[in-house]
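Undergrad:
In the UniProt record's numbering, the protein residues as written are 1 to 103.
#1: How many angstroms separate the CA atom of residue 80 from the CA atom of residue 46?
#2: Indicate the three-state DSSP secondary structure (helix, strand or coil) for residue 75 in the structure shown.
#3: With DSSP run on the structure shown, which of helix, strand or coil describes residue 61?
#4: Please work out which residues of its chain come closer than 7 Å, Cβ to Cβ, to residue 97, disregarding the five sequence neighbours upstream and downstream, and give them in chain order.
The structure is reproduced here in structure tokens:
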């Protein structure tokens with residue numbers, strides 16, 4: 001009787017066999033595969049959808065008026081920066097002259 005229990009316990013390194021009821025429950029789970037088929041689209045349809053959603057990777061050309069406006073803004077920014085530096089120098093000179101006048 002002891003040898004029967006040890007073989008039933010799986011000491012022979014063989015996986016236990018499924019009972020018929022277990023196999024049927026596993027077989028019922030295979031219906032889930034049909035759900036995946038419902039959400040599958042043909043490759044041609046995928047390509048048609050994908051191509052319509054592709055974003056162009058090339059930069060779109062800037063219209064001439066926008067390029068002109070951008071260049072003008074860059075030039076004006078450079079001029080403003082130059083005027084700001086001149087104003088800082090003049091403020092320093094004014095402060096120095098004010099100190100000399102007060103003496």
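Note that beta-carbon positions come from the ideal geometry of N, C-alpha and C, so glycine has one too.
TA: Once the coordinates are examined:
#1: Mapped onto the chain shown, residue 80 falls at position 80. Mapped onto the chain shown, residue 46 falls at position 46. Spanning the two alpha carbons is a distance of roughly 54 Å.
#2: For the purposes of this step, residue 75 is identified with residue 75 of the chain shown, where counting begins at 1. Note: residue 75 maps to helix in three-state DSSP.
#3: Numbered from 1 along the chain shown, position 61 holds the residue referred to as residue 61. If DSSP states are grouped into helix, strand and coil, residue 61 belongs with coil.
#4: Walking along the chain shown from the start, residue 97 turns up at place 97. Result list for residue 97: empty, nothing under 7 Å.
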